[in-house]
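> Next up is a structure, given as structure tokens.
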Amino acid sequence: MKKIKNALISVYYKDGLVPVLEKLNQLGIQLYSTGGTHRFIGEQGFGARTVESLTDYPSILGGRVKTLHPKVFGGILARREHAGDKEQLENYGIPTFDLVIVDLYPFEETLANTGSEEEIIEKIDIGGISLIRAAAKNFHDVLVVPSAEMYGELLEVLETKNGVTDLEDRRYFAARAFHISSHYDTAIFNWMNPGNVNAFKVSTTHENVLRYGENPHQKGLFYGRLDEVFEQLHGKAISYNNLLDLDAAINLIEDFDETTFAVIKHNNACGLASREKLTDAWKDALAGDPVSAFGGVLVTNKTVDKATAEEINKIFFEIILAPAYESEALEILQTKKNRIILKKKDYNFLDRQFRSLLNGVLVQDKDLKTERAGDLEPVTKAVPTKQQTEDLLFANKIVKHTKSNTIVLTKNKQLIGSGTGQTSRVDALKQAIEKARRFELELEGSVMASDAFFPFADSVEIADKAGVKAVIQPGGSIRDKDSIAYCDDHAMAMVFTGTRHFKH
Numbered sequence: 000m001k002k003i004k005n006a007l008i009s010v011y012y013k014d015g016l017v018p019v020l021e022k023l024n025q026l027g028i029q030l031y032s033t034g035g036t037h038r039f040i041g042e043q044g045f046g047a048r049t050v051e052s053l054t055d056y057p058s059i060l061g062g063r064v065k066t067l068h069p070k071v072f073g074g075i076l077a078r079r080e081h082a083g084d085k086e087q088l089e090n091y092g093i094p095t096f097d098l099v100i101v102d103l104y105p106f107e108e109t110l111a112n113t114g115s116e117e118e119i120i121e122k123i124d125i126g127g128i129s130l131i132r133a134a135a136k137n138f139h140d141v142l143v144v145p146s147a148e149m150y151g152e153l154l155e156v157l158e159t160k161n162g163v164t165d166l167e168d169r170r171y172f173a174a175r176a177f178h179i180s181s182h183y184d185t186a187i188f189n190w191m192n193p194g195n196v197n198a199f200k201v202s203t204t205h206e207n208v209l210r211y212g213e214n215p216h217q218k219g220l221f222y223g224r225l226d227e228v229f230e231q232l233h234g235k236a237i238s239y240n241n242l243l244d245l246d247a248a249i250n251l252i253e254d255f256d257e258t259t260f261a262v263i264k265h266n267n268a269c270g271l272a273s274r275e276k277l278t279d280a281w282k283d284a285l286a287g288d289p290v291s292a293f294g295g296v297l298v299t300n301k302t303v304d305k306a307t308a309e310e311i312n313k314i315f316f317e318i319i320l321a322p323a324y325e326s327e328a329l330e331i332l333q334t335k336k337n338r339i340i341l342k343k344k345d346y347n348f349l350d351r352q353f354r355s356l357l358n359g360v361l362v363q364d365k366d367l368k369t370e371r372a373g374d375l376e377p378v379t380k381a382v383p384t385k386q387q388t389e390d391l392l393f394a395n396k397i398v399k400h401t402k403s404n405t406i407v408l409t410k411n412k413q414l415i416g417s418g419t420g421q422t423s424r425v426d427a428l429k430q431a432i433e434k435a436r437r438f439e440l441e442l443e444g445s446v447m448a449s450d451a452f453f454p455f456a457d458s459v460e461i462a463d464k465a466g467v468k469a470v471i472q473p474g475g476s477i478r479d480k481d482s483i484a485y486c487d488d489h490a491m492a493m494v495f496t497g498t499r500h501f502k503h
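So for the sequence shown, numbering that gives the first Met the number 0 puts the first residue at 0; every next one is plus one.
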């Protein structure tokens with residue numbers, strides 16, 4: 000057990016500090032503080048010594064150097080039971096600090112609010128981060144409070160233990176300190192590094208405890224700020240699997256400019272349509288697979304109106320995500336207690352993605368390529384019509400966001416069949432055709448998109464016999480000529496994009 004006698008305080012945010020000061024004063028603890036913190040303490044009616052009175056050096060370089068002095072860090076780092084350390088403390092007149100309270104300059108907040116390099120640099124804390132690391136290192140003797148967010152926890156320790164700390168307290172606060180300091184340094188590194196230094200560094204201090212992981216027996220957590228991506232207007236807590244579907248939904252819908260509705264199930268679109276009116280987009284998206292839509296995640300890129308809400312409300316679904324809702328539409332959708340209603344916000348996502356694998360992490364650039372008409376290379380005698388070209392581009396957007404191996408069939412900007420996550424391209428095509436036929440969707444005159452090239456001509460032959468008239472694929476097989484020849488012999492149009500869209 001260690002009794003707190005001296006405390007060093009250097010904080011940026013003062014909110015919540017007053018109750019701590021009151022308790023420290025009540026316990027008779029001597030306070031030392033710097034510049035603005037010292038003024039604040041005095042304004043609250045409490046006494047404190049300045050760091051300058053200890054070091055005999057003023058704050059210099061515009062405040063860049065205040066606490067970086069042996070009399071400060073010696074008092075933090077000294078080992079209380081070490082004879083040599085104790086002797087040096089006495090020789091140099093250095094008081095020991097048993098409590099160090101720091102709140103760092105708001106680097107991330109500054110980064111989010113300005114593009115001024117000078118302002119950002121000045122918010123890279125040097126003295127504060129050094130105090131945190133020194134106090135955390137010497138946790139056997141010192142309690143460190145590394146953030147204003149921990150004032151409440153400190154106050155609890157002070158009140159329940161009457162100014163005394165135990166090793167468990169100090170180790171816990173030290174762990175939090177290194178968590179905060181490493182996060183702070185990661186944010187600085189990611190700003191400083193334009194990509195020249197090859198390193199994988201991601202950090203977040205925001206933990207969201209989920210009901211469970213992918214399955215009930217698995218623990219699930221999400222690290223990040225979901226409130227930056229969407230606002231939850233209604234419904235139960237979002238689950239691990241919900242988040243996977245929402246990620247897929249947002250990535251998909253952001254590729255569409257026209258009024259579009261999609262239904263997501265297990266990270267794939269099972270229904271999708273683009274129409275002039277949102278209600279029509281919803282009806283045709285649902286028609287693509289009304290069975291899989293049960294319990295799905297709905298997403299649109301337009302404001303949900305009353306008429307559309309009335310139609311949507313006829314089925315059971317878990318989540319709807321839209322940029323906005325008319326008030327009457329929201330009232331209708333909120334009639335189901337557990338239904339999750341989300342309002343999507345504008346957010347600039349990372350252009351890289353990563354996943355844990357084996358004993359490391361896989362990192363890659365995001366697939367941000369979305370083909371336009373100018374990217375298409377006709378390779379057959381028949382050239383796609385204007386309508387076919389629009390459908391091919393529409394289908395290719397969907398195939399890009401569907402699990403490989405995949406085939407997508409569309410007609411008149413409606414998803415009419417898809418084969419997802421199959422081990423062969425032929426199986427994916429047969430699955431897509433079977434689904435379209437099961438829901439009595441017209442295949443004659445439809446188009447086909449493939450996420451990768453056709454190694455043989457069998458896929459285009461099967462598609463042709465089902466009614467497909469145009470094909471979009473990356474190309475690149477040594478047997479491309481076989482597929483092209485079949486299309487030429489059967490008046491089918493085919494275009495190459497030159498870009499594969501695997502998704503695993």
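We put the CB at the ideal spot given by N, CA and C, even for glycine.
1) Can you tell me which of the three DSSP states Ala-173 falls into?
2) In whole angstroms, give me the CA-to-CA distance for Asn-207 and Val-378.
3) Let me make sure I understand the geometry here. Which of Ile-123, Ile-75, Ser-423, Ser-273 has the alpha-carbon closest to that of Asn-5?
4) Could you check the C-alpha separation between Val-382 and Glu-376 for me, to the nearest Å?
5) So, helix, strand or coil for Met-0, using DSSP?
6) Among the residues of its own chain, which have a CB less than 6 Å from the CB of Leu-7, if the five just before and after it don't count?
7) Taking Leu-348 as the reference, give the member of Ile-249, Leu-209, Lys-122, His-178 with the closest Cα.
8) Please state whether DSSP places Glu-121 in a helix, a strand or coil.
9) Please say whether Arg-175 and His-205 have beta carbons closer to each other than 8 Å?
10) Would you list the one or two residues that DSSP bridges to Ile-263?
11) Measuring CB to CB, does Ile-483 end up less than 8 Å from Ala-394?
12) For the stretch 359-376 against the stretch 413-430, do three or more pairs of beta-carbon atoms, one drawn from each stretch, fall closer than 8 Å, so that the two count as touching?
13) With the cut-off set at 8 Å, would you say Phe-260 and Thr-203 are in Cβ contact?
14) For Gly-126, count neighbouring C-beta atoms within 10 Å of its own C-beta (all shown protein chains included) and say buried if the count is 16 or more, exposed if not.
15) Using 8 Å as the Cβ pair cut-off and three pairs as the minimum, do the stretch 453-467 and the stretch 420-430 touch?
16) Rounded to whole angstroms, what's the CA-CA distance from Met-0 to His-139? Just pull it up for me.
17) With H, G and I counted as helix, E and B as strand and the rest as coil, what does DSSP make of Asn-137?
18) Please classify Gln-413 as buried or exposed, where buried requires at least 16 other C-beta atoms within 10 Å of its C-beta.
19) Considering only the beta carbon of each residue, do Leu-130 and Arg-169 sit closer than 8 Å?
20) Below 8 Å between beta carbons: does that hold for Gly-34 and Lys-65?
21) Just to confirm the assignment: which complete beta strand (DSSP E) runs, minimum length 3, are found wholly within the stretch 324-388?
22) Indicate the three-state DSSP secondary structure (helix, strand or coil) for Ala-321 in the structure shown.
23) Beta carbon of Val-10, beta carbon of Asp-102: below 8 Å?
24) For the 8 Å Cβ check, are there 3 or more pairs between the stretch 224-239 and the stretch 362-369?
25) What span of residues does the alpha helix (DSSP H) with Phe-106 cover, start to end?
26) Give the secondary structure of Pro-59 by DSSP, where H, G and I count as helix, E and B as strand, and everything else as coil.
27) By how many angstroms is the C-alpha of Trp-281 removed from the C-alpha of Asp-304?
So, from the listed chains and residues:
1) helix
2) 50 Å
3) Ile-75
4) 10 Å
5) coil
6) Tyr-31, Phe-96, Val-99
7) One point to set straight first is that residue 348 is Phe, not Leu, in the sequence displayed. Of Ile-249, Leu-209, Lys-122, His-178, the smallest CA-CA separation from Phe-348 is found for Ile-249.
8) helix
9) Their beta carbons are not under 8 Å apart, which means His-205 does not touch Arg-175 by this criterion.
10) Ala-268, Val-296
11) no
12) Not touching, per the Cβ criterion.
13) no
14) buried
15) yes
16) The alpha-carbon atoms of Met-0 and His-139 are separated by roughly 10 Å.
17) coil
18) buried
19) no
20) yes
21) 339-343, 351-356, 359-364
22) strand
23) One thing to note: Val-10 has its Cβ within 8 Å of the Cβ of Asp-102.
24) no
25) 106-112
26) Correcting the residue identity first, residue 59 is Ile in this sequence and not Pro. Residue state, collapsed to three classes: strand.
27) Cα to Cα, the separation comes out at about 12 Å.
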